[in-house]
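Read through the structure below, which is laid out as structure tokens, and then see the notes.
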Ligand SMILES: [Fe+2]
């Protein structure tokens, strides 16, 4: 879809979107994330959440604490599917025990975001140590075994389209992170206790096939190439920010495929220009779903949650959430301090509608 150069306007509006709008109530409506045609509309009244929703299109919130299914105790021994479409699946994982099998996704690239916990992702290329805040990328067709050293809670994204690192070409090769910070597996002989047989689970969508071997099939003594698993720690991401304007969250895109992009929201200073609107804005993302794995909210409150914003549904702070945010902002301004954004989350934004599973809806019902 091409952006149109035909721009039009009517009524009351500001010449620079997101700046000087406080007495009005701006809503951002855009196609293709924040890249396509867009309009700002200006409301007389603050945004309110609907008093009641009948039907399936709703902003959904769920607390991760309401998810108690351990992977190792599930039927397949794997993470629990939360939201999906034919190209992409998003699951939650809680694992405390080592996988008693090796796993190879033969359909999809896998991106794991570790929200909490630590351990080792033993891949056939070598081990990757992980802890909270790490992204683990495993290409399609590469085998691995997760071996937690503490209870590990993670978001697991499987994408049929290859996942790559998002391009921010105008920023150069070293922003928002230098590839030198990636954790690369060093080949290693695994000295795990011998077993009668080793199971390699081949994952094809939700279907599993098991191959059994007498000897551990991880016997790699070396590797080379540009297809390998790696780790990216979120602390190594140096975010793009602007002093005078809230920039669109797509600026914080870290990974992408043809079916989604992944945005890392990290704590940072807010804009210093008091005329500039702060994050988050009221918006309708017309062509993208948003699935957010949240660690902390605006006042730094630890609140592990999993939210789903269906495409084209107005969100951002509405009703009481908006009031809370405004109170927080006024407090910061009264104290003469700078606004610190403490919002800490990972957003998976699929281009096509995702369907929530009964497991996710059960968590939403307990919110
Ligand atoms: Fe959004």
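Numbering (the numbering used here), first residue to last: 817 to 1183.
Don't be surprised by glycine CBs; every beta carbon is placed ideally from N, CA and C.
As the structure is a computational prediction, the values presented were derived from the model and not from experiment.
- In the DSSP assignment, residue 960 falls outside any alpha helix (DSSP H) and lies within the beta strand (DSSP E) extending over 959 to 964.
- Distance check between residue 971 and each of 940, 896, 853 and 936 places 896 closest, using alpha-carbon atoms only.
- Sorted by position in the chain, 1099, 1101, 1106, 1125 and 1131 make up the residues whose C-beta lies under 6 angstroms from a heavy atom of ligand 1.
- With at least 16 other beta carbons inside 10 angstroms of its own, residue 1064 counts as buried.
- Contact between residue 998 and residue 917 is ruled out by a C-beta separation of about 27 angstroms, above the 8 angstroms threshold.
- In the DSSP assignment, residue 980 is bridged to 1072.
- Membership of residue 943 in the beta strand (DSSP E) is indicated by the continuous run 942 to 947.
- Annotation: residue 822 to residue 839 spans about 27 angstroms, alpha carbon to alpha carbon.
- Contact between the segment 983 to 1000 and the segment 879 to 887 is absent, with fewer than three C-beta pairs closer than 8 angstroms.
- Membership of residue 898 in the beta strand (DSSP E) is indicated by the continuous run 896 to 901.
- DSSP, read as helix, strand or coil, puts residue 1166 in strand.
- The three-state reading of DSSP puts residue 846 in strand, counting E and B together.
- DSSP places residue 1112 in the strand class (E or B) of the three-state scheme.
- In the three-state DSSP reduction, residue 829 falls in the coil class, being neither helix nor strand.
- In the structure shown, the three-state DSSP call for residue 996 is helix.
- Judged by DSSP secondary structure, residue 930 falls outside any alpha helix (DSSP H) and instead within the beta strand (DSSP E) spanning 925 to 932.
- Between residue 1165 and residue 1106, the gap from beta carbon to beta carbon is short of 8 angstroms.
- Bounds of the alpha helix (DSSP H) holding residue 1177 are 1174 to 1181.
- The Cβ atoms of residue 1079 and residue 1088 do not sit closer than 8 angstroms to each other.
- Of all alpha-carbon atoms in 859, 1071, 899 and 1094, the one lying nearest the alpha-carbon of residue 1172 is that of 899.
- The beta carbon of residue 955 lies closer than 6 angstroms to those of 925 and 1043 in the same chain, with the five residues before and after it left out.
- In this structure, residue 1168 places its C-beta atom within 8 angstroms of the C-beta atom of residue 903.
- When rounded, the separation of the alpha-carbon atoms in residue 1047 and residue 1090 is 38 angstroms.
- Under the Cβ criterion (8 angstroms, minimum of three pairs), the segment 952 to 966 does not count as touching the segment 1049 to 1059.
- Nearest to residue 905 by alpha-carbon distance, out of 1021, 1124, 1034 and 1112, is 1021.
- Taking residue 1033 as the centre and dropping the five residues before and after it, the same chain places the C-beta of 918, 940, 959, 1014 and 1016 closer than 8 angstroms to its C-beta, in chain order.
- Rounded to the nearest whole angstrom, the C-alpha separation of residue 892 and residue 1074 is 28 angstroms.
- In this chain, the beta strand (DSSP E) harbouring residue 968 covers 968 to 975.
- Residue 1004 carries a coil assignment under DSSP once its states are collapsed to helix, strand and coil.
- Boundaries for residue 824: no beta strand (DSSP E) harbours it, and the DSSP string shows neither H nor E there.
- Judged by DSSP secondary structure, residue 1097 falls outside any beta strand (DSSP E); it is assigned neither H nor E.
- Beta-carbon to beta-carbon, residue 835 and residue 1093 are separated by about 7 angstroms, close enough to satisfy the 8 angstroms threshold.
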